[in-house]
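Novice: Numbering (our numbering), first residue to last: 24 to 178. We put the beta carbon where it would ideally sit given N, CA and C, even for glycine. Following this message is one structure expressed as structure tokens.
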């Protein structure tokens with residue numbers, strides 16, 4: 024009887040750890056998709072160049088010059104972690120209906136998916152420790168680390 028109870032507890036533990044790992048990955052994708060959709064599915068959105076004029080505690084602002092025949096925006100905002108320093112020109116995509124910009128191109132894609140990289144690193148710990156699947160854990164950790172490192176180097 025104790026053997027069946029032990030087996031049931033082992034299956035419950037594995038199911039709980041798998042659920043936590045999946046929850047971490049879903050949270051990473053969900054938090055990344057908010058910015059990534061504008062960068063990756065940029066067709067039909069306003070493209071242009073932003074010149075960083077001033078930075079506050081969390082955002083930077085500056086004038087926006089569109090690439091095509093769209094409206095010129097005197098001031099757009101972008102996340103401070105994406106903007107380099109004052110006077111730098113950054114290719115951006117505007118979120119529809121707002122003056123909020125996201126960085127365009129490969130650096131923008133890597134920066135947008137950075138939360139997924141962090142969740143991959145956290146999920147790797149759960150997979151290695153809770154599920155005892157070390158190869159899968161190493162793969163997730165290396166993928167997450169590469170994504171975060173690429174985002175750091177691209178920006």
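Below 8 Å between beta carbons: does that hold for residue 128 and residue 114?
Specialist: As a position in the chain shown, residue 128 is number 105, starting the count at 1. As a position in the chain shown, residue 114 is number 91, starting the count at 1. With contacts defined by Cβ atoms closer than 8 Å, residue 128 and residue 114 form a contacting pair.
Novice: So, with DSSP's three-state summary, where would you put residue 89?
Specialist: To locate residue 89, count along the chain shown from 1; it is residue 66. Residue 89 falls in the strand class under three-state DSSP.
Novice: To the nearest angstrom, report how far apart residue 178 and residue 55 are at their CA atoms.
Specialist: For the purposes of this step, residue 178 is identified with residue 155 of the chain shown, where counting begins at 1. For the purposes of this step, residue 55 is identified with residue 32 of the chain shown, where counting begins at 1. Rounded to whole angstroms, residue 178 to residue 55 spans 17 Å at the Cα level.
Novice: Would you kindly report the start and end of the unbroken alpha helix (DSSP H) that includes residue 117?
Specialist: Numbered from 1 along the chain shown, position 94 holds the residue referred to as residue 117. Premise fails: residue 117 lies in the beta strand (DSSP E), 112-117, not in any alpha helix (DSSP H).
Novice: Could you tell me which whole beta strand (DSSP E) segments of length 3 or greater appear in the region 46-104?
Specialist: 70-74, 82-89 and 96-102, all fully within the region 46-104.
Novice: Should residue 61 and residue 105 be called a contact, given that it needs their Cβ atoms to be closer than 8 Å?
Specialist: On the chain shown, position 38 is the one that residue 61 refers to. On the chain shown, position 82 is the one that residue 105 refers to. For residue 61 and residue 105, no; Cβs fall outside 8 Å.
Novice: Output needed for residue 132: all residues of its chain with C-beta closer than 8 Å, excluding positions within five of it in sequence on either side, in chain order.
Specialist: Translated into positions along the chain shown, residue 132 becomes position 109. The residues are 59, 62 and 63.
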